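Participant:
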Ligand code: ADP
Ligand code: MG
């Protein structure tokens, strides 16, 4: 996966967040303060501008740089809990990728692990607390498992995205113990956590963007292809 894939992923995230802005805000209206979709849409609009027109000297010329710039922009543009948390996640992921021009599954696994660690370090949420961690943690675990079992890039990314979606849905039955929703106590039960829902959207966009790529061990690693509709489906 080269820089083009990461730029395409972040571009797709901006689109899917915009398309789901009202939905995410409605989820937050039920157990928070009705701003999650608005927060993220504003943040990713700024991210798009930043990666397409990076300030001189910063650039977004490697996968790591794309993610680091995404994180830094979210931190500076998004208030509330989710800005610093997603900002940290993307920055940690970017740092983990370093300056490599292309990354494969093991590097992406490291980046996701670093992102999760950053979110948990900052927000101190554990699985079961009804936060974005309930999507990100099982997704990262499923991704690692798929890689260990020799899955293709498409297969590992499919496992990542489905585990995130399942984790987000499973937050419905949980009582919030972190963030604004925790103020509601037992009344937070019965509603999907907005941050877990947005995490599932972000990781689904990664699957959709990168799973057509042949990836580690595949052919065409020297290509500059970003989205290659003719790329062979590596199979799941
Ligand atoms: P705010 O709660 O400040 O209004 P948002 O509405 O943008 O911020 O984001 C709310 C989401 O942030 C929650 O749905 C939850 O997933 C996530 N969140 C809140 N607190 C934490 C935390 N301590 N750790 C992880 N995620 C958290
Ligand atoms: Mg909110």
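Numbering (the working numbering), first residue to last: 97 to 332.
Glycine is no exception: its CB is placed at the ideal position from the N, C-alpha and C atoms.
Here the structure is a predicted model, which means the values were calculated and not measured.
(1) Nearer than 7 angstroms: is that true of the beta carbon of residue 225 relative to any heavy atom of the ligand MG?
(2) Spell out a yes or no on whether the stretch 197-211 and the stretch 168-176 are touching, meaning 3 or more CB-CB pairs, one atom from each, closer than 8 angstroms.
(3) Is residue 128 near residue 276, with beta carbons less than 8 angstroms apart?
(4) Report yes if the C-beta of residue 132 is less than 7 angstroms from at least one heavy atom of the ligand ADP; otherwise report no.
(5) Start and end of the alpha helix (DSSP H) containing residue 273?
(6) Look up residue 153 in the DSSP assignment and say whether it is helix, strand or coil.
(7) Output the boundary residues of the alpha helix (DSSP H) element that contains residue 132.
(8) If you count every other CB in all the chains shown that lies within 10 Å of the CB of residue 135, and 16 or more means buried, which is it?
(9) Could you tell me if the beta carbon of residue 135 falls within a distance shorter than 7 angstroms of some heavy atom in the ligand ADP?
(10) Pull up the distance between the alpha-carbon of residue 217 and that of residue 187, whole angstroms please.
(11) Confirm the yes/no value for this check: CB of residue 173, any heavy atom of the ligand ADP, distance under 7 angstroms.
(12) Can you tell me whether residue 124 sits near the ligand MG, meaning its C-beta is under 7 angstroms from at least one heavy atom of the ligand?
(13) If we count the other Cβ atoms within 10 Å of its Cβ and call it buried at 16 or more, is residue 116 buried or exposed?
(14) Excluding the five sequence neighbours on either side, which residues of its own chain have a C-beta within less than 7 angstroms of the C-beta of residue 239, listed in chain order?
(15) Indicate, with yes or no, if the ligand ADP has a heavy atom lying under 7 angstroms from the CB of residue 219.
(16) Measuring only the C-alpha atoms, how far is residue 262 from residue 297?
(17) Looking at the strands, I want to know which residues DSSP matches up with residue 98.
Facilitator: Short version:
(1) no
(2) no
(3) yes
(4) yes
(5) Counting along the chain, residue 273 falls outside any alpha helix (DSSP H), and DSSP gives it neither H nor E.
(6) With a pLDDT of 46 at residue 153, under the threshold of 50, the modelled position of this residue cannot be trusted; read the value that follows with caution. Residue 153 sits in coil when the DSSP states are folded into three classes, being neither helix nor strand.
(7) 132-148
(8) buried
(9) yes
(10) 13 angstroms
(11) no
(12) yes
(13) buried
(14) Only residues of its own chain outside the window of five on either side were considered, and among them 205, 208, 252, 255 and 256 have a CB closer than 7 angstroms to the CB of residue 239, listed in chain order.
(15) yes
(16) 12 angstroms
(17) For residue 98, the beta-bridge partners assigned by DSSP are 198.
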